[in-house]
Amino acid sequence: MLTYWSIAAAAFRQYSTYRMATAAGVFTNSVFGLIRASILFAAIGTAGGELSGYTAAQAATYVWLGQALLAPIEAFGTREVSQRVHEGEVAIDLLRPTSFLGLYYAQKLGRAGFLLLGRGVPPLLIGALITGLALPEDPLSYPLGLLSLLLAITVAFLGDMLVNLAAFWLVETRGLTVVYNAVMNLLSGFLIPIVWFPDWLLVIARATPFPSMIQTPIDTLSGRLASCEALPLLAVQLGWVALLGLAAWAMLRAGVRSMEVQGG
């Protein structure tokens with residue numbers, strides 16, 4: 001456990017050195033937050049001041065939490081593992097005295113910790129000053145929200161890992177990554193709340209892990225859902241962690257066997 005903590009701490013320190021990139025990310029997130037907020041305000045205003053349970057204040061909270069959590073959750077994923085597979089460097093990772101998935105998960109947590117503080121909190125403060133935020137009334141929303149955020153980071157990590165591990169069988173994974181990101185972007189609730197979807201699309205979204213990456217932590221942290229309503233959603237997140245974790249483990253084992261057979 002100490003090894004993984006050291007890996008996470010090293011990832012945190014590594015990303016803390018990219019100060020200009022962090023500042024640029026804060027600026028970009030803030031600008032897009034203002035654009036998204038104005039679009040949602042217009043939609044809610046047209047609907048008469050409320051749309052599917054969202055008021056203007058709740059919509060602002062939804063937008064700014066989404067902008068704040070996008071970087072630490074990294075729902076759009078990375079291509080590091082797939083590149084290491086294609087370059088053969090994954091063999092080094094497999095020889096390390098640590099779990100392959102544990103190694104990259106520790107790096108993910110360290111990276112997420114810095115991105116939450118460096119690129120998540122500033123846009124949230126900017127949003128609070130410009131549009132205001134609807135803060136939770138139930139104090140349990142905060143610890144439940146943090147737990148939901150950790151689970152969201154884990155679900156996003158495992159989903160991204162499945163896409164990257166496909167590199168054991170695919171020569172190029174960019175197409176798969178584009179499709180994955182497009183579907184995630186739509187069904188996660190990042191663009192608009194999933195309760196605004198038509199019924200048939202809402203059913204499809206809830207049958208995927210994507211709302212557990214964005215919509216659930218936002219709803220839990222914002223206090224839009226009461227604690228008793230948030231608990232079942234956290235259970236859904238846990239279920240996806242277990243399912244995707246098992247799938248990633250099985251896919252990694254199959255990929256290693258494939259590499260051995262091919263002489264990689």
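According to the UniProt record's numbering, the sequence shown holds residues 1 to 264 in order.
Note that the Cβ used here is the ideal one computed from N, Cα and C, for glycine as well.
For residue i, which residues from the same chain have a beta carbon less than 6 Å from its beta carbon, with the 5 sequence-adjacent residues on both sides left out?
{"i": "residue 215", "result": "189 and 194"}
Does the distance from the CB of residue i to the CB of residue j come in under 8 Å?
{"i": "residue 75", "j": "residue 165", "result": "no"}
{"i": "residue 143", "j": "residue 116", "result": "no"}
{"i": "residue 26", "j": "residue 119", "result": "yes"}
{"i": "residue 100", "j": "residue 244", "result": "no"}
{"i": "residue 65", "j": "residue 135", "result": "no"}
{"i": "residue 234", "j": "residue 146", "result": "no"}
{"i": "residue 44", "j": "residue 54", "result": "yes"}
{"i": "residue 187", "j": "residue 208", "result": "yes"}
{"i": "residue 41", "j": "residue 57", "result": "no"}
{"i": "residue 220", "j": "residue 141", "result": "yes"}
Between residue i and residue j, what straight-line distance do the alpha-carbon atoms span, to the nearest angstrom?
{"i": "residue 250", "j": "residue 152", "result": "21 Å"}
{"i": "residue 173", "j": "residue 30", "result": "31 Å"}
{"i": "residue 178", "j": "residue 2", "result": "36 Å"}
Which class does residue i belong to by DSSP, given the choice of helix, strand or coil?
{"i": "residue 246", "result": "helix"}
{"i": "residue 54", "result": "strand"}
{"i": "residue 213", "result": "coil"}
{"i": "residue 99", "result": "coil"}
{"i": "residue 79", "result": "coil"}
For residue i, which option in the options has the closest C-alpha, if you only look at C-alpha atoms?
{"i": "residue 110", "options": "121, 16, 77 and 185", "result": "16"}
{"i": "residue 113", "options": "213, 4, 9 and 210", "result": "9"}
{"i": "residue 62", "options": "208, 13 and 131", "result": "131"}
{"i": "residue 182", "options": "49, 77 and 197", "result": "77"}
{"i": "residue 240", "options": "47, 211 and 170", "result": "211"}
{"i": "residue 170", "options": "221, 21 and 82", "result": "82"}
Can you give me the Cβ contacts of residue i inside the same chain, cut-off strictly under 7 Å, excluding the 5 residues immediately before and after it?
{"i": "residue 265", "result": "A query on residue 265 cannot be resolved here, the shown segment of the chain reaching from 1 to 264 and no further."}
{"i": "residue 217", "result": "69, 145, 148, 149 and 152"}
Given residue i, which residues of its chain have a CB within under 8 Å of its CB, disregarding the five upstream and five downstream residues?
{"i": "residue 138", "result": "223, 226 and 227"}
{"i": "residue 156", "result": "73, 74, 75, 77 and 213"}
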